[in-house]
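In the working numbering, the protein residues as written are 13 to 1230.
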């Protein structure tokens, strides 16, 4: 709003949102007798000026009226700000209207534009304009300030927008991070684009003449420079964006002028040659004048550019607000790309280079995007040598940026640098960048895959058919060999799926060339001396499997990407075509590959996974049956040759895939499977008969043990995927395991597969149970289940570590499966299968975890060689993986309520101690149990802390007090702090749980207290220090309730005691932190108020610092007991007499609903005791009453969230604290 000139002196007495539409028309401005220091002489003249102003504004705005429906009402847009923010009209017509108004009266139009920029900053105050000629220059510069008026609470900014002196007045809450540029919602989402478009169109429409009138641009530039220097974020952000876009638009004008000047010079030279030897004619003079005119305009434009750059950019590119810094860097990147002759030099490039080190990812991202636009043009790269050499190392390190988008764009920039800058990247740099193909973040991996493919795999000429022995696969063969070499050199053999996924978007064509790959594998060394080595063959087979999986599944591998992506119709079509291509090719080739590598377990295990990606309908074609027979024959031979579990499981899965009843080949494959299992069971029965004949003597024969081990492993692998119940495997394995329980002489190689076979047998029987199963069958199965559980419990104490761990894993999975089985079947027959573990079994499982997971084994120090040390580290890593599996299996029993949740307390004790190894598992268990039952989970946490405290107390000397600085006590506090962090930032969501912790903790702390009124020291009082870690999770009202509950256990105001009562004082401090009544309430405990606190009114401190003053808890806690004087307490309490009244009224309203009657009376009584203080203190602190109920920044909770659950919370708290 543009106020009339004389309003400047009356601003403090006006309302904050007063609207003034009067302004000074041009006629009045130019008349020196009518304007003196911004005031009109007489009321008559003043009324005349107002009438002229209203007529001009009505005429200038009538042509751009726009209506929009808001909240059911039609809103007319009159001002520029309203028109631009609505965005309902073409920006061209809006600017044309303003230009026309400018031509009629430039002062009125210019003030309208000034008001537009002020309103775009979200300013709800008013703007007063005065003429520069009306004041002395010295007075103007003195008044160009930005101050805060303490009396009115308004902010002022006075600055010059030549020829105007502008005074902007706004409420102090303008800097509340809510102004048009950052507002959300459908109304504001296009405001920034409209705002930038308006500035660009304005400059474009004024470039003919108005732009050079030394009035418009001078005023706008001085206005934006003044606003950009403000302390208010809204002004700085809006004006900086406007100035940067203004400079961008001016650069476009400069480029057009430069082209016109060049054309004029060419025409001038042509005309000059044409009339050489003759007198100068009119045409030549005209071209000369036009050329000089362009030069003058270019000089003016250059001055404008320098003014904007030096006045705004140089001050704001280092602004504290990241959005402002990002705007500056984004625009300078576009300037360099658009106008390289003026900006592509080290004087400007250095700003982008410096901001590559910015702490905010948004700024770093704008730097990289700007550099991409420069490095993508080869003609500009040659002028970037100094910049490249200076900042190359920083750019190479940026793919490691913590922000994913910054890392991706850095990799893309390095790709452009690699293409257009020659050998700027060293071999070491490239090798470092290649490794990013293995990262879990897929966009970064894909960008690195492009870098790897174009830099290493794809060479010029690869697409051409090379003559020689390679034939038609020459190009693909070379690329494959380079890929294999890179894969082997990277030494990350288990991550081939990540490598293929990274290259898939760029090298999909040659990665789908399975014919070339298999031809390379089947090639004999005799035929071609360049055949692959064994390591290269293994790597190529892994690559084949990864490419087949990628093509058939169509989504990234596990661990890369949150979930399977939804394929489009085109992608599904490509996927089906690839599956058909895979099936048709490998149906014929896979038997040959299996025959060639039948003795290599690793290669065979990978090759046998390919059939699971077949399109089995292809087998309907009759001529492919012979290839199926060949495949089944090779798989059967492989099962007979190998005992490796990975090979056997892959073979079993192959039979499972091919034995689908829906396809035509089912009968053929089922017959082959039955024949194979008959042979395997025949071998096992023969070996078992020999064992029962020899018994003890059997175990001494190494060859027979190996045969038995292989036979049991083969049967177990097939029993996992196929139902072998009719071969009565349960009885055979049961007899073996019972023999081991009685004699303990079986080798581990026989126990483990026998235990696995028995487990699978019971699972298949359990799967066959239905509602119609006879009770005799269920009773028999129940006996078998209990027998198996007894065997597993017995093996938990086996002398062999592998047997103990196997029995524990099977027992945990077994209990979990039975729990799930019972929850899915509510019928009476199935209920006979009791699955809940007994108390003794739960204790044994917990003791097993404590003994074999958390207890560290003593290691003997040995002098190991480098190779032995590497093997030792590998063994330790494998052992850690086993321990993690054991702990995860047990935690699943807790999460699914198979064992009691209180058992988790023993697990939580090790959270801090074993955080690096098991912290993620324990934290996830805590999260899941809290989701299942918040209250029970909270009781488990407090139980854990209580048990640790009791253990700590028992370890201390009974005659001495608790040592607060001992390692065990410090670990308890750290554990409580970690538990507190798990509740997150949502204090409303965790309100009941945190309150429960404090209630249980207070009761435990005062448990066993003796004496009258709790005056004797409770033995567990130091436990209050532990639960004080949870005080910051309490809402402010709940802190008062917990404090009131604490008062039940405390006598009347305690006299000065020793250090043994410090836990109580510290706990009180944690409950009263950030409370206005802190000092007065602490007076009851005899604690000294913090000294050195500023006497500045808290309201003013909040305005200047942006946050409320916080009393130093450390100072309060550090005071010695003998210094706690009652006179100081009374003085401190007197300063807050009024607040206590307000707080007392608040508690009287709240406590009747949430606290017992006696507690309410006692609580209020304690507060009234501090009322008998001098009135002098009341007068000293009158101004502090403003922020009585101000909540600290970390406790601001939306009112609807608290009130929405008030009824439920009231009932809960009444039950909790009664």
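Glycine included, each C-beta is placed from N, C-alpha and C at the ideal position.
Would residue i and residue j be called neighbours here (beta carbons separated by less than 8 Å)?
i: residue 1072; j: residue 1029; result: yes
i: residue 817; j: residue 729; result: no
i: residue 488; j: residue 428; result: no
i: residue 1037; j: residue 1079; result: yes
i: residue 468; j: residue 498; result: yes
i: residue 445; j: residue 426; result: yes
i: residue 364; j: residue 382; result: yes
i: residue 558; j: residue 508; result: yes
i: residue 263; j: residue 347; result: yes
i: residue 564; j: residue 594; result: yes
i: residue 936; j: residue 992; result: no
i: residue 672; j: residue 628; result: yes
i: residue 515; j: residue 464; result: yes
i: residue 236; j: residue 205; result: no
Quick check on the burial criterion: 16 or more other C-beta atoms within 10 angstroms. Buried or exposed for residue i?
i: residue 999; result: buried
i: residue 376; result: buried
i: residue 704; result: exposed
i: residue 240; result: buried
i: residue 551; result: buried
i: residue 611; result: exposed
i: residue 752; result: buried
i: residue 851; result: exposed
i: residue 945; result: exposed
i: residue 318; result: exposed
Where does residue i fall in DSSP's three states?
i: residue 739; result: helix
i: residue 91; result: coil
i: residue 1276; result: The question about residue 1276 has no answer, for the chain in this structure spans 13 to 1230.
i: residue 181; result: strand
i: residue 1144; result: Because residue 1144 sits at a pLDDT of 35, beneath the cut-off of 50, its placement in the model cannot be relied upon, and the point is left open.
i: residue 921; result: coil
i: residue 951; result: helix
i: residue 115; result: helix
i: residue 1111; result: Its pLDDT being 31, under 50, residue 1111 is placed unreliably in this model, and the value from its coordinates should be taken loosely. DSSP places residue 1111 in helix when its eight states are reduced to three.
i: residue 1001; result: coil
i: residue 493; result: helix
i: residue 170; result: strand
i: residue 287; result: coil
i: residue 725; result: helix
i: residue 942; result: helix
i: residue 219; result: coil
i: residue 552; result: helix
i: residue 753; result: helix
i: residue 989; result: helix
Please confirm whether residue i has its beta-carbon closer than 8 Å to some beta-carbon of chain B.
i: residue 820; result: You won't find chain B in this structure, because it holds only one protein chain.
**Message:** Suppose only complete runs of 3+ residues qualify. What are the beta strand (DSSP E) ranges in the stretch 311-356, listed by chain order?
**Reply:** none
**Request:** Could you tell me whether the stretch 641-651 touches the stretch 592-606, where touching means 3 or more Cβ pairs closer than 8 Å?
**Result:** yes
**Prompt:** Within the chosen definition, does the stretch 898-917 reach the stretch 808-826 through at least 3 CB pairs nearer than 8 Å?
**Reply:** yes
**Item:** Segment contact, 8 Å Cβ cut-off, at least three pairs: the stretch 761-775 with the stretch 725-742
**Value:** yes
**Message:** Could you check whether the stretch 558-573 touches the stretch 628-640, counting it as contact only if at least three pairs of C-beta atoms, one from each stretch, sit closer than 8 Å?
**Reply:** no
**Item:** Start-end ranges of the alpha helix (DSSP H) lying completely within the stretch 601-665, minimum 4 residues
**Value:** 613-619, 637-653
**Request:** Check whether the stretch 259-271 touches the stretch 232-246, taking contact to mean three or more Cβ pairs, one atom from each stretch, closer than 8 Å.
**Result:** no
**Asked** So does the stretch 215-224 actually touch the stretch 272-286, counting three or more Cβ pairs closer than 8 Å?
**Response** no
**Prompt:** Taking one C-beta from the stretch 543-558 and one from the stretch 522-535 each time, how about it: are there three or more such pairs within less than 8 Å?
**Reply:** yes
**Message:** With three or more beta-carbon pairs closer than 8 Å as the criterion, would you say the stretch 670-689 touches the stretch 745-756?
**Reply:** no
**Stretch-stretch touch, CB-based, cutoff 8 Å, three pairs: the stretch 951-965 with the stretch 1000-1019** = yes
**Asked** Any contact of the stretch 391-402 with the stretch 354-363, i.e. 3+ C-beta pairs under 8 Å?
**Response** yes
**Request:** Evaluate contact between the stretch 206-215 and the stretch 96-106, counting only Cβ atoms and requiring at least three cross-stretch pairs below 8 Å.
**Result:** yes
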